[in-house]
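Have a look at the structure below before the remarks.
Residue numbers (the working numbering): 617 to 812.
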């Protein structure tokens, strides 16, 4: 009996090891740009009145689910130049597994007409790619051109996050100067006064 149990355990552990070696996630971190090795910028971008830091945010590639099949959308890199316009920028630092972050994103989606001229950039830490796939599937952020969701690959979170609570929304004016910061659960009325 003990011998049979030992053989079964050995077979199960072998199968488990094989499955781990052959697992290929949808998101492959090695295919994205590596973060800047060392952050040499000494500016404190957390203070109101400071300019938006240079950044590089990488979006996930999107698999088409349309019928007939539409082409897949490759990942893209968003930089400071890509978020220029004459309205405020809402930069949301978030964790894709955070319930408050999901609720905030849903609130923005449900009231997207309020943000029609603004750019909204949702940024998660680079190692959160697996979770970001599930986050984007549960929401409709890709349906709105003013919303971009991606992974930080340039120390943007390190430079701007206050480490108080999530989500954190930094609001930058048209010149990309930080004018307001919110953390945690944020009512729409608080954001509405910064929309143009």
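Ideal placement from N, C-alpha and C gives every residue a C-beta, glycine not left out.
Residue i to residue j span [Cα, whole Å]
{"i": "residue 755", "j": "residue 677", "result": "16 Å"}
{"i": "residue 736", "j": "residue 657", "result": "24 Å"}
{"i": "residue 660", "j": "residue 628", "result": "52 Å"}
{"i": "residue 802", "j": "residue 770", "result": "26 Å"}
{"i": "residue 783", "j": "residue 711", "result": "7 Å"}
{"i": "residue 671", "j": "residue 789", "result": "17 Å"}
{"i": "residue 747", "j": "residue 713", "result": "7 Å"}
{"i": "residue 804", "j": "residue 760", "result": "18 Å"}
{"i": "residue 724", "j": "residue 730", "result": "8 Å"}
{"i": "residue 619", "j": "residue 691", "result": "52 Å"}
{"i": "residue 757", "j": "residue 720", "result": "12 Å"}
{"i": "residue 669", "j": "residue 626", "result": "53 Å"}
Start and end residues, beta strand (DSSP E) containing residue i
{"i": "residue 788", "result": "784 to 788"}
{"i": "residue 768", "result": "763 to 768"}
{"i": "residue 713", "result": "First-last for residue 713: undefined, no H or E at that position."}
Close-in-space but distant-in-sequence residues of the same chain around residue i (CB under 6 Å, 5 per side omitted)
{"i": "residue 781", "result": "799 and 800"}
{"i": "residue 664", "result": "794"}
Secondary structure of residue i, DSSP reduced to three states
{"i": "residue 806", "result": "helix"}
{"i": "residue 792", "result": "coil"}
{"i": "residue 735", "result": "strand"}
{"i": "residue 673", "result": "strand"}
{"i": "residue 619", "result": "helix"}
{"i": "residue 797", "result": "strand"}
{"i": "residue 693", "result": "strand"}
{"i": "residue 824", "result": "The structure shown does not extend to residue 824, since the chain is modelled only from 617 through 812, so no value can be given for it."}
When the options are compared against residue i, the one with the closest alpha-carbon
{"i": "residue 787", "options": "693, 771, 767 and 808", "result": "808"}
{"i": "residue 674", "options": "727, 690, 705 and 766", "result": "766"}
{"i": "residue 738", "options": "722, 730 and 626", "result": "722"}
{"i": "residue 703", "options": "795, 758 and 804", "result": "795"}
{"i": "residue 701", "options": "715, 762 and 621", "result": "762"}
Own chain residues within Cβ distance below 7 Å of residue i, not counting five before or after
{"i": "residue 667", "result": "792 and 793"}
{"i": "residue 773", "result": "709, 739 and 741"}
{"i": "residue 812", "result": "703, 704, 733 and 734"}
Start-to-end residues for the alpha helix (DSSP H) that takes in residue i
{"i": "residue 748", "result": "745 to 754"}
{"i": "residue 773", "result": "772 to 776"}
Cβ shell of residue i (< 8 Å), same chain only, five flanking positions each side left out
{"i": "residue 750", "result": "712"}
{"i": "residue 778", "result": "662, 784, 797 and 799"}
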